[in-house]
Amino acid sequence: MSAITVPRAFGFGPDTAEPATAPGDAALGKGSREQPVRRMQPFALNRVRLLDSDFSHAAAINQRYLHRLPVDRLAHSFRVQAGIASSASPLGGWEKPDCELRGHFSGGHYLSAAALAYASLGDELLKTRGDQLVAALAACQQPNGYLSAFPESFFDRLGSGQKVWAPFYTVHKILAGMLDMYLHTGNQQALKAAIGIGNWTVRWLNGFSDNEIAHVLKTEYGGMNDALYELYAITGNARYLDAAHRFDQVSLFDPLAGHRDELQGLHSNTQIPKIIGAARRYELTGEPRYRRIAEFFWETVTENRSYATGGSSNDEFWKTGPGDLKGQLGLYSAECCVAYNLLKLSRHLYAWNGDPRIFDYYERTLYNARLGTQDDDGMKLYYYPLQPGAAKFYNTPTDSFWCCTGSGAEEFARFNDSIYFHDGQELYVNLFIPSELDWTERQLTLRQETVFPREPRTRLSLKLTAPTRLTLNLRIPSWIGPNAHVRVNGEMLDVFASPGSYLSLQREWRDGDRIELDLPMRLYSEALPGDDTQRAMLYGPLVLAARLGNQGLTRAMQYGAYDAGPKPEPKAQPTPRIAATTTQDNRWMQVQSSDALRFEATTHQGRLAVVPLNQIKGERYAVYWQTDQDAVTTGNG
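Quick note: the sequence shown uses our numbering, first residue 438, plus one each step.
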């Protein structure tokens, strides 16, 4: 059969398409509460299997780290708080028995990561560990539903305006961990514990007026709204819907609903979970205000407040106005949790509108702000520094437990969750990651084989029980170079699609059919928003970094805790300076080996070796390059 190709792109306009039922929703009774706002549906995590790649290797490293954490040590502070004897050694860092944030990783992120690793990778050991931890924490839960590793008096301090370190932030992580254990492993005890936390939260909120709650919300509260909306979606109990709504922060939501960026001066990662909660409310109520909030926030942050890597923030804050990151290339730029949460928000938005341009951002961030944040032992970054001469600084196995340690453990357990989507009838391939999809409802197995980005193509093969008419939509990324083609069963098609859209292949597919998609990559540069003289170089979706060596770089400068012991060396190195006649003049960068992803830059300081940023380990680097300001003019190349 000949193939018909149709370029497709979607915008941010209203969408009334009927959604397909998500896997597992009917069993949870969620269908009646989900509004018809989702154009796209992800596949259940156990339907997509990662094949050999950088992503599967990183996921395995993360698994091994999670295996190393004993349940007794994770449960220790909870047991001490509940008056239950514990002989385990306490964890350190943000999980120390005297840290006010204790329990956020041990009772929250770990449960979520274990559940995701089971669903994504079939890790039975982590499921067992998760079940054991749920049982241990359930034994610590008070009759009123309160469950935490710190005393309930922390909330007395919060309610009276006294200083306290984000108690709702931690309770959100615990609630989310319990919900993930229920949703991904079927643990009924976890759901019971989550309902107890939800009931306690409802009663606590009922003790305050709306004006009093507005003051409470000035203290970071994570994604309490998002988790309570999910609890409502599962149980149908409207008290959780009402409680989630009380976490609406008017001072944040109102400007965004009016398409005004008033984010300057705000702590970056504090805000994003709130917006994810707004997105979840839209999916459950259909209220357009919450779609406007989520979409405008995503647009302004990804377009005006993000670096070339897709990351955002400096010293954890948005310190400047939109479109102005001049002077924001710091040692503590681009907190990793920010990128993690922006990817979560991106998944929501894509589900509503199916816009492939969202996956231009998603892919960029995945490769450059997430994949390179873990070392070979599973240690994670807190910040992804962009100061020239900086080096990566990782946590230690049991004495750090930053927020980004936990979000990283979750992210690296679910690399398979956004490669493919469907709308009930059509299939969408959004990422070029080796993997195998089992679409049982269509009796289709799709296998994607590639070593992208070390080769500029991907290959898809279909296994079918019978010939099937299906539209297969291949994302054509905005970064794609010239002379791209697609072949079906070895035959080159004479049409293609524009960058930033979908190439739709409509035909009757047969068992053994093959598709090969060219993905030619090219070098191009992007200016730092607000400073055209600072430019980052990219190759396809990859941000490139200059290798500046490891002279004087000790292990103490690369591992530890920011609040104790050695810290990353704060001394900056000069930004590599390059000569360019126009903003499109990239002759100073040369491809040495596309297969090995090795490059070379000609600078005023001499020739520098260059590699993708996500490959940098154990050495200093620079991402942005200083151009000769008086020589550069705008080019159209």
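Positions of the beta carbon are idealized from the N, C-alpha and C atoms, including for glycine.
Remember, it's a predicted structure, so these values are computed and weren't measured experimentally.
Item: Whose CA, out of K817, Y1058 and G764, lies closest to the CA of P966?; Value: G764
Item: Answer with buried or exposed for P914, where buried requires no fewer than 16 other C-beta atoms within 10 angstroms of its C-beta.; Value: buried
Item: For the segment 836 to 908, list the beta strand (DSSP E) runs that are entirely contained and at least 3 residues long, ordered along the chain.; Value: 857 to 859, 864 to 866, 872 to 876, 881 to 886 and 894 to 901
Item: Give the straight-line distance between the Cα atoms of L979 and D761, rounded to the nearest whole angstrom.; Value: 23 Å
Item: Candidates R894, T622 and V517: which alpha carbon is nearest D560's?; Value: T622
Item: Run through DSSP, which three-state label would H513 get?; Value: helix
Item: For the segment 775 to 787 against the segment 732 to 743, are there 3 or more C-beta pairs whose distance is under 8 Å?; Value: yes
Item: Flag this pair as yes or no: are the beta carbons of N662 and F684 separated by less than 8 Å?; Value: yes
Item: Do T887 and S941 have their CB atoms nearer than 8 Å?; Value: no
Item: Secondary structure at A459, three-state DSSP: helix, strand or coil?; Value: For A459, the predicted structure reports a pLDDT of 34, less than 50, and the residue's modelled location is therefore unreliable. A value from the coordinates is still provided. In this structure, A459 counts as coil in the three-state DSSP scheme.
Item: Apart from the five residues on each side of it in sequence, which residues of its chain come closer than 6 Å, Cβ to Cβ, to S783?; Value: I795 and Y799
Item: Touching or not, the segment 805 to 812 and the segment 512 to 519, by the rule of three or more beta carbon pairs under 8 Å?; Value: no
Item: For a test of the three-state rule: what should DSSP assign to L689, helix, strand or coil?; Value: helix
Item: Taking its Cβ as the centre, do 16 or more other Cβ atoms sit within 10 Å of Q578, making it buried, or is it exposed?; Value: buried
Item: So does the segment 866 to 885 actually touch the segment 486 to 501, counting three or more Cβ pairs closer than 8 Å?; Value: yes
Item: Taking only runs that begin and end inside the segment 950 to 1003, name each unbroken alpha helix (DSSP H) of 4 or more residues, in chain order.; Value: none
Item: Give me, in chain order, the residues of the same chain whose beta-carbon lies closer than 8 Å to that of R891; leave out the 5 immediate sequence neighbours on both sides.; Value: S1031, D1032, A1033 and L1034
Item: Check the DSSP bridge columns for F1036 and list the partner residues they point to.; Value: V1028 and V1047
Item: Where does F796 fall in DSSP's three states?; Value: helix
Item: Spell out the partners DSSP gives R912 in its beta bridges.; Value: Y939
Item: Give me the Cβ distance between K610 and H541, rounded to the nearest whole Å; I'm assuming they're in contact under 8 Å.; Value: 5 Å
Item: With C-beta atoms as the reference, is Y769 less than 8 Å away from Y996?; Value: no
Item: My output table needs one value for S770: the three-state DSSP class, helix, strand or coil.; Value: strand
Item: Indicate the three-state DSSP secondary structure (helix, strand or coil) for A627 in the structure shown.; Value: helix
Item: From the DSSP output, in three-state form, read off F645 for me.; Value: coil
Item: Given that a residue counts as buried once 16 or more other Cβ atoms are within 10 Å of its Cβ, and exposed if not, what is E724?; Value: exposed
Item: Please specify which runs of the alpha helix (DSSP H), each continuous and at least 4 residues long, are wholly inside the segment 738 to 792, giving them in chain order.; Value: 773 to 790
Item: T1064 bridges to which residues according to DSSP?; Value: I1015
Item: Can you list, in chain order, the residues of its chain with a C-beta nearer than 6 Å to that of R726? Leave out the 5 residues immediately preceding and following it.; Value: A694
Item: In terms of residues, what are the limits of the beta strand (DSSP E) holding V485?; Value: V485 to L487
Item: If you measure between the beta carbons of G843 and H504, is that distance less than 8 Å?; Value: no
Item: V474 by DSSP, collapsed to three states: which one?; Value: coil
Item: Would you kindly check if the distance between the Cβ of S557 and the Cβ of R959 is under 8 Å?; Value: no
Item: Skipping 5 residues on each side, what residues in its chain have a beta carbon closer than 7 Å to that of L584?; Value: L574, C577, Q578, I611, A630, G633 and I634
Item: I'd like to confirm the pairing. Which residues does DSSP put opposite Q811 in its beta bridges?; Value: K817
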